[in-house]
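Since the structure comes first, as structure tokens, the remarks are kept for the end.
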Amino acid sequence: MTTQITGPVFTRHRASAVRGGGGISNPQMANEDLTPWQPTATDPWDEKKARHLFRRAGFGGRPSEIATLVKLGVDRAVDLFLVVPNLTIPETGTHMLPTGEVLNLSTYSGQVAAWLWLMANSSWQLQEKMALFFHDHYATGINKVRYPEMMGKQINLFRRTALGRFRDQLIAVSADPAMLYWLDNRLNRRGRPNENYGREIMELFSMGVGNGYTENDVKEAARAFTGWTAILGYFYFNPSAHDSGNKTFLGSTITGRTGTSGVLEGFDVVDIILKQKAPAEFMVKKIWEWFVYENPSRVLITKLANRFRQDGYNFRSLMELIFRSKAFYSSSAMKALVKNPVEYVIGALRNTDQRNVSYTRVANRFLRMGWPLLNFAGPDGLPDGTSWINSQNVINRSNFASELNTRSTRGYLRTVISGFYLNRHDWVAEAKTLGLTTPTKIVDHYLKRLVDGEVPASVRTALIDYMTRTDTGRLTWNLTLYGQQKISGLVYLIMNLPEYHMN
Amino acid sequence: METTRRELLAGGLGAGLALPLVRGGLAPSWMTAGSGTEDILVILQLRGGNDFIHNLFHPDEPKYAAARPTLKIPKTKAIQLQTNGALYLNPNLAAFKALFDAGDLAIIPGVGYPNPNFSHFRSLDIWATADPTATSAYSGWLARYLQKAYTGGFGVPAMDFESSLNRWFTGNPVPTFTSISTFQFLPDPATSFDRKLEIALLESNAKALRPLAGPNLKFVANAVGKTPGDVGLIQKTGANYKPLVTYPSANSKERAVSKYLQMAARYITGGLRTHLYQMSIGGFDNHANEVTSTDPTAGTLNELLAAVSKGVKAFLDDLKKQGVTRKVVVMVFSEFGRRVGENGNLGTDHGAAGITYVAGTPVKGGLHGAYPDWTKYSGPAWNRVNFAYTTDFRSVYATFLERYWLVNSALVLGKKWTPLSFL
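Read top to bottom, the protein sequences are chains B and C. All you need for our numbering is the position in the first sequence, starting with 1, plus 90. All you need for our numbering is the position in the second sequence, starting with 1, plus 13.
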């Protein structure tokens, strides 16, 4: 038995900055077709496609939600994701979840738990998914920001701008207190420029490393942002710290301004950046690789980037184009990505429709999986794709699935209100409601629900066998006697399948 | 299914892995380490850009004082590196000074590459791939070493103490974990009724044939399938390890460094053939408050430097006391240094040349390579000045390849780089 090394595995968007296009490409191929996908007799809108849409535009569907999407048809289903309110959630104080669990938002873990709860329970799944994408994009960490409330505030900013315009978002991020701490712009003063933000707004947030700007542009951007600072957790422009000289930035002149209008030079930086070719390409490639598949061709990226620019850098238009496209439903996209830890954890909660869980505990388990939510160590965001999967994370995901599905109430489901225990998921009742009486029916139901039934035949056979086997011998199937033990174990085993790690 | 360590190491694990890098079959016994090809390298990355000049400096140089009015360390507080020498060490590196005096520490000042890149991740990629142009080669240099030059054939040649696999090893079967105690499967602890069955199924389901799987699914299936084997190896090896020296633990930085070094010590003393250990510590990106406003030898960077130097010394002392006879060397590096001058926020911005330390008994101690020449640089805008590199980092890699593992460095680095003399 030999295993071929299938070429190096790289971080998706990190590598993309220095990588060329995807080689030879044919714009006629289905996987690059941006025209709307419509069902046909042989290729209907079905549960598999609805689950795909829900995994990408959200965090995976609950069974009832998938049924609804199938009924609505693809057009209305996509509409449901694209319409979102101007939602923000509390950033400070204490927060009580419907289960009675109390979260303290002045703690890091409280903020993480509050967000995970919303990701699992928000009706506006794309808003949270985009907020998560932008959190990765503008990677910020509590380790330096220090105030958990500021992190909550930054995520609220992403919620509000998630399906808005890139320009508004870049300006808002530049004035975001957490960002002003994170990349030190609060300390960026006339005569003592701090280049950190001036560099990253181009390198990481808009243009990509080395993509059409020079070291001098970094310095000039830093000068233009002098005086943008934070006081008491709010943005403040300090005219006396602002360098009012003229700047030459990306070939354009930014006229120096004095007084409070000096703040407009930061707007100028954003506007000049968005006149370049790089930002649209950089953003659509990153978004495509997050939401559709890796290594799109240069032709596709150019086409999408042109659209994005024409639409005034509007994220809603871009996401609409993507979620309706043939490319999005092509075989190149379906289950081609690896779930990140949020997608795995929140997906597991939603796919099994489990609501009675402690989000403090979920946060604790989630934080072991390699994504330090709200706490990036550096400004360059996440490793992506297969880099999530290593032996430690395989174990951590497996143990989360074990706790979630199989353990008794004492471990997993206790809330912070003393004496109050949430109920463990009742797998026997669920099986009875669904009319699942035999091991085969049970196995097929959960395989279909969790992985579209797409596993090697030998795996299905082994799982059916598992239902009536113990470490020491065989048992005669009895739903009431063994259902809780065996169905929870089955779901645990399915969540350990390589297929369940795919998004 | 009880597996002895011997079986695990010699057959059970390696056979299950079907490694592309296993050539010439498995070694007959886990004790027969390759002849000189499995000398141990422990890599400690200082993430964020270690301010080289705050490590090693010329206190009498007027330009040093001019460039760093608040960061500069007065001569009275610094440690003179060599008798009659002009170079001084940060006092927080006292443990390094002890290693240096014992001839066990090589200091390479001014390590870097042409056309320095000031982006953290680009520069880390450059160090990882050993390719400053990085237009073609995307695999890590150690990944290439394992694939093209390593002939030992041991199934777990490297371990990565990180939460996600370091680019250096991409494409290789490297167990990646940050804690031993959480590195095990916990199926349904309420009962042992079908526990073993579940673990067995977890492994066999992942190993089921998937002829039509795409590359990502194949990768995941391979990773899930081999994890139970890794668990056995990592739980059993060195389970009785106890440090024989006191590792630093005064603050979270010291505890982080000590934790990972002790993990390496456990597997080295446990007799594991693994010869590459990778770990990192963050916090070096000090654009602000690198030192405290009252003391240039206190504050973030200084605590980090103390943690690193004390940790490395404790690790080497521990291995000596444990009677480890294999060669062990620690390399400490950072993706770049920082500007020559401070930025006004008690910090420094991203710079070019950095400092690399190589410690261990096999090392020929001393200064290797030249400290950048102050006469070539001038102020007053010191916060925009960068030291150019004086030693190419690929010469450092070539030294390990040619003089330590005795392999052809051109196989890994694309061409011959002149090794340094620290080994």
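Ideal Cβ placement from N, Cα and C applies to all residues, glycine included.
Against chain C, the CB of D274/B has a partner CB under 7 Å away; the residue lies at that interface. Counted as a single uninterrupted DSSP element, the beta strand (DSSP E) harbouring K337/B occupies residues 337-339. Judged by DSSP in its simplified three-state form, Y254/C adopts coil rather than helix or strand. The residue from G364/C, D405/C, L94/C, S176/C with its alpha-carbon nearest to that of G116/C is L94/C. Of the residues assessed, A383/C falls on the exposed side of the cut-off, its CB having fewer than 16 other CB atoms within 10 angstroms.
In the structure shown, T195/C adopts coil according to DSSP, grouped into three states.
The straight-line gap separating the alpha-carbon atoms of L100/C and E316/C is approximately 21 Å. Put simply, the backbone Cα of P431/B is about 27 Å away from that of Q574/B. For P588/B, at least one C-beta of chain C is nearer than 7 Å to its own C-beta. Chain-order list of chain C residues neighbouring M592/B: N229, L230, V233, by C-beta distance under 8 Å. Using a Cβ-Cβ cut-off of 7 Å, K209/C is close to D561 of chain B, given in chain order. Excluding sequence positions up to five before and after V235/B, its CB lies within less than 7 Å of the CB of M241, A268, Y271, W272, all in the same chain and listed in chain order. Between G254/B and R440/B, the gap from beta carbon to beta carbon reaches 7 Å or more. Under the Cβ criterion (8 Å, minimum of three pairs), the stretch 549-562 of chain B does not count as touching the stretch 183-196 of chain C.
Its Cα nearest to that of A108/C, the residue L318/C stands out among L318/C, S347/C, F406/C. The residue from R407/C, G392/C, A411/C, N421/C with its alpha-carbon nearest to that of I139/C is R407/C. Restricting attention to E218/B, T251/B, S199/B, the CA atom closest to the CA of G231/B is found in S199/B.
Taking 9 Å as the cut-off between beta carbons, the residues of the stretch 454-465 of chain B near chain C are R458, M459, G460, W461, P462, in sequence order. For Y326/B, the pairing in a beta bridge is given by DSSP as T319/B. The Cβ of T476/B sits closer than 7 Å to at least one Cβ of chain C.
Here DSSP, grouped into helix, strand and coil, assigns T350/B to helix. The stretch 129-165 of chain C contains no complete beta strand (DSSP E) run of 3 or more residues. Neighbourhood of R223/C in chain B, by CB distance below 7 Å: P546, in chain order. The beta carbons of T189/C and S177/C sit about 7 Å from each other, so the pair counts as a contact at 8 Å. Closest in alpha carbon position to E51/C, among A236/C, G238/C, P170/C, P261/C, is P170/C.
In this structure, DSSP gives T431/C a state outside helix and strand, which the three-state scheme calls coil. Taking a C-beta distance under 7 Å as the contact criterion, R60/C and S293/C qualify as a contact pair.
The stretch 376-393 of chain B and the stretch 190-199 of chain B do not touch, with fewer than 3 CB-CB distances between them shorter than 8 Å. Taking the CA atoms as reference points, P529/B sits about 28 Å from L159/B. Listed along chain B is no residue with a C-beta nearer than 9 Å to that of R351/C; the closest approach is about 12 Å. Within 9 Å of the CB of V299/B, the CB atoms of chain C belong to N130, S132, F134, R135, in sequence order along the chain.
In terms of Cβ geometry, T305/C and I121/C do not form a close pair [threshold 7 Å]. Taking 8 Å as the Cβ-Cβ cut-off, the stretch 293-309 of chain C approaches chain B at G295, D298, H300, A301, given in chain order. Taking every protein chain shown into account, the CB of N421/C has fewer than 16 other CB atoms within 10 angstroms, so this residue is exposed. In the DSSP assignment, Q58/C forms a beta bridge with S293/C, F346/C. Measuring C-alpha to C-alpha distances from R451/B to each of Q201/B, P469/B, A147/B identifies Q201/B as the nearest.
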